[in-house]
Amino acid sequence: YKASASVDEACGIITHAQVDNGNKNDSELLQPIVKEVKERLDQQGLSFQSVATDKGFYSTENLKCLSDETIIAYMTPRQLTTTKGNFAREHFHYDKSNDRFICPQGKVLYFKQLYYKLSHIRRYRAQEKDCLTCPQKTLCTKGKARTISFSIYEDLIAEAHQRSQSQEAKAFHRLRNIQAEGTFAHLKEVLKFKKLYSLGLESAGKRFLMGCATINLKKLIRFLFWFYIFISQILENFKERTKFRFGLSVV
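If you count the sequence shown from 1, you need to add 10 to reach this note's numbering.
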């Protein structure tokens with residue numbers, strides 16, 4: 011099984027918990043989590059403003075979904091190409107009016123196909139005769155012709171990549187390491203939820219939900235304890251000041 015949970019940034023309270031089959035990718039689990047958390051917050055009159063995840067939860071589809079929901083996503087996009095230097099992806103000019111790319115040597119890359127696994131990715135390819143006669147071919151590609159992958163959500167990806175480099179994103183991820191990773195560490199090491207020994211997805215989900223509820227109750231009790239101490243100190247200070255003022259009035 012694969013267990014997932016979301017926590018709030020302030021206190022680390024678990025806001026959603028679910029268990030899925032172990033053969034699912036993390037990126038497949040994000041949208042159901044966001045949907046459930048958003049509905050729960052809407053019922054309480056609260057707003058879902060941002061989400062921070064690790065790289066495993068990233069996908070362009072998730073990025074588009076969060077954008078549609080006006081939720082700020084703090085996740086690092088994966089690079090579509092590994093070519094670096096003067097022939098990296100960013101040095102190819104996209105001719106939007108003709109739907110084609112122009113390489114640094116002035117050659118044209120034409121649209122060839124959609125990626126069969128991800129329909130939002132379009133692939134462009136140069137002509138073999140142009141690449142074979144190019145003096146910079148060894149720096150550009152090892153194949154017969156250079157290809158480029160281009161997402162129709164390129165603007166969202168660029169925006170997410172720029173956001174991931176900001177100080178705000180780094181602060182969110184540091185907080186995530188404390189609240190989210192700390193919660194999972196507590197589940198595994200203290201509550202011994204390293205594995206779910208259950209028969210069936212529903213049974214495993216119930217066991218995981220009980221573990222998450224235990225953590226939330228412990229945090230609530232800790233909060234009430236310190237709140238009680240805080241109120242007690244205020245009342246004690248108030249009594250001391252009242253006695254002092256009363257003594258002056260008698261004299």
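Even glycine gets a Cβ: it sits at the ideal position worked out from N, Cα and C.
Bear in mind that the values here come from a model prediction, so they are computed numbers and not experimental data.
Residue pairing by DSSP puts I131 in a beta bridge opposite S161. When DSSP states are grouped into helix, strand and coil, A190 belongs to the helix group.
Scanning the region 13-41 for uninterrupted beta strand (DSSP E) segments of 3 residues or longer gives 24-30, listed from N- to C-terminal end. Within the same chain, Cβ atoms closer than 7 Å to the Cβ of L185 are found at E19, the five residues on either side in sequence being excluded.
Residue state for L124 is assigned as strand, using DSSP reduced to three classes. Excluding the 5 residues flanking it on each side, I82 has same chain C-beta neighbours closer than 6 Å at S60, in chain order.
By the neighbour-count criterion, in which a residue is buried when 16 or more other Cβ atoms sit within 10 angstroms of its Cβ, G221 is buried. Here the alpha carbon of K204 sits roughly 10 Å from the alpha carbon of H196.
Counting C-beta pairs with one atom in each stretch, the region 69-82 and the region 33-43 have three or more that are closer than 8 Å, which means they touch. The alpha-carbon separation between Y68 and N247 amounts to approximately 52 Å. Fewer than three beta-carbon pairs drawn from the region 167-178 and the region 134-151 are found closer than 8 Å, and the two stretches are therefore not classed as touching. The beta-carbon separation of C113 and F102, rounded to 6 Å, stays under the 8 Å limit for a contact. Contact check between the region 128-135 and the region 155-162: three or more CB pairs, one atom from each, fall below 8 Å, which counts as touching.
By the neighbour-count definition (other C-beta atoms within 10 Å, threshold 16), I244 is an exposed residue.
F182 sits in a helix when the DSSP states are folded into three classes. At least 8 Å separates the beta-carbon of T193 from that of G55. Counting along the chain, D140 sits inside the alpha helix (DSSP H) bounded by residues 138-142. Taking every protein chain shown into account, the CB of T70 has 16 or more other CB atoms within 10 angstroms, so this residue is buried. The three-state secondary structure of D105, taken from DSSP, is strand. Residues of the same chain with a CB within less than 7 Å of the CB of E164, apart from the 5 flanking positions on each side, do not exist. Short of 8 Å from the beta carbon of K229, and not among the five residues preceding or following it, lie these beta carbons of its own chain, in chain order: C21, G22, I23.
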